[in-house]
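Trainee: Got a structure here, written out as C-alpha cells. Questions coming.
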Amino acid sequence: MNLHKKKKELLKEFQDILPDNLPNELPPYRMHQHKIMEEPGSKPTFRAPYRLSPTELVDMKKQIKYLLAKGLIRPSTSPYGVPVLFTPKPDGSLRMCIDYRALNMQTIKNKYPIPRIDDLLDQLRRATVFSKLDPQSGYWQIRMADNSIHKTAFRTRYGSY
62 MNLHKKKKEL LKEFQDILPD NLPNELPPYR MHQHKIMEEP GSKPTFRAPY RLSPTELVDM
122 KKQIKYLLAK GLIRPSTSPY GVPVLFTPKP DGSLRMCIDY RALNMQTIKN KYPIPRIDDL
182 LDQLRRATVF SKLDPQSGYW QIRMADNSIH KTAFRTRYGS Y
C-alpha cells in the first residue's frame, strides 16, 4: 500500500475530527486566555485601511459577513484599528490577513527560551513515527482575554470589527 493511499484512508477514518471549516463559535473560557501586553506609554495603534482591488473588496465583504455570522468577529468602536490585506491561497482563493505589525511593535515580547535544535533532535532520535498537525485556523482556537479584545480591532471601508 502506498503512502498516499494510507493518508487517504486515515483522513477518511478520522473525518469526524477534522473540520472542513471554521468553528461556529469562539472557544470556551479556559484557565488561560491570550493577553496582549503593551510597553508602558503605548498609544492605541490606528492605521488607515489599505487600498484594495475590486475583487478583494468583494471577497472582504463576503469574509466579514461570514465571520460575523459565525460570531468570530463583532463590530467595534475601539480606538485601535489596523488595516486588512489579502494573500492568495494555493487554490487561488484569497486569504484575509490583518496587519498587526504596528501593534506587534509595541507589545512586550515573551522571553521564553527557544529550544535548541540539537536537543530536540536528541529527544526524537529513537522515534519511528512522526505526525504533522495542521490546525486549521488555529488562531480561532484560543480565546482572547476580555481586556485585550479592543486591541485586535481592524478597519475596513465597511466598518471596524
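Sequential numbering of the sequence shown, starting at 62, is according to the numbering used here.
We treat Cβ as the ideally placed atom computed from N, Cα and C, and that holds for glycine.
Source: prediction; values computed, not measured.
#1: DSSP three-state label for H95, please.
#2: Taking R162 as the reference, which of F75, L113, K212 has the closest Cα?
#3: So which of Y141, L146, S137, S154 has the shortest CA-CA distance to Q167?
#4: Starting from the C-beta of M92, find all residues in its chain whose C-beta is less than 7 Å away, skip the five residues before and the five after it, and write them out in chain order.
#5: Please tell me whether Y222 and I97 are closer than 8 Å, where the distance is taken between their beta carbons.
#6: Excluding five sequence neighbours on each side, which residues of the same chain lie with their C-beta closer than 8 Å to the C-beta of P110?
#7: Between the beta-carbon of T106 and the beta-carbon of L181, is there less than 8 Å?
#8: Given a threshold of 16 other Cβ atoms within 10 Å of its Cβ, counted over all protein chains shown, does F191 qualify as buried or as exposed?
#9: Let me know the alpha helix (DSSP H) ranges lying completely inside the stretch 138–170, each 4 residues or longer, listed in chain order.
Mentor: By the coordinates alone:
#1: In the sequence shown, the residue the question calls residue 95 occupies position 34. It is a strand residue.
#2: Translated into positions along the sequence shown, residue 162 becomes position 101. Of the listed residues, the one whose Cα sits closest to R162 is K212.
#3: Counting from one through the sequence shown, the residue named residue 167 turns up at place 106. Of Y141, L146, S137, S154, the residue nearest in Cα terms is Y141.
#4: By 1-based counting over the sequence shown, the position of residue 92 is 31. Around M92: no qualifying Cβ.
#5: Looking up residue 222 in the sequence shown gives position 161. Looking up residue 97 in the sequence shown gives position 36. No, they are not a contact pair.
#6: Locating residue 110 in the sequence shown gives position 49, counting from the first residue. Result list for P110: P144, V145, R216, T217, R218, in chain order.
#7: Locating residue 106 in the sequence shown gives position 45, where the first residue counts as 1. Locating residue 181 in the sequence shown gives position 120, where the first residue counts as 1. No; because the gap between Cβ atoms is not below 8 Å, this pair is not in contact.
#8: The residue you call residue 191 lines up with position 130 of the sequence shown. The Cβ neighbour count for F191, taken over all protein chains shown within 10 Å, is under 16; the residue is labelled exposed.
#9: 162–166
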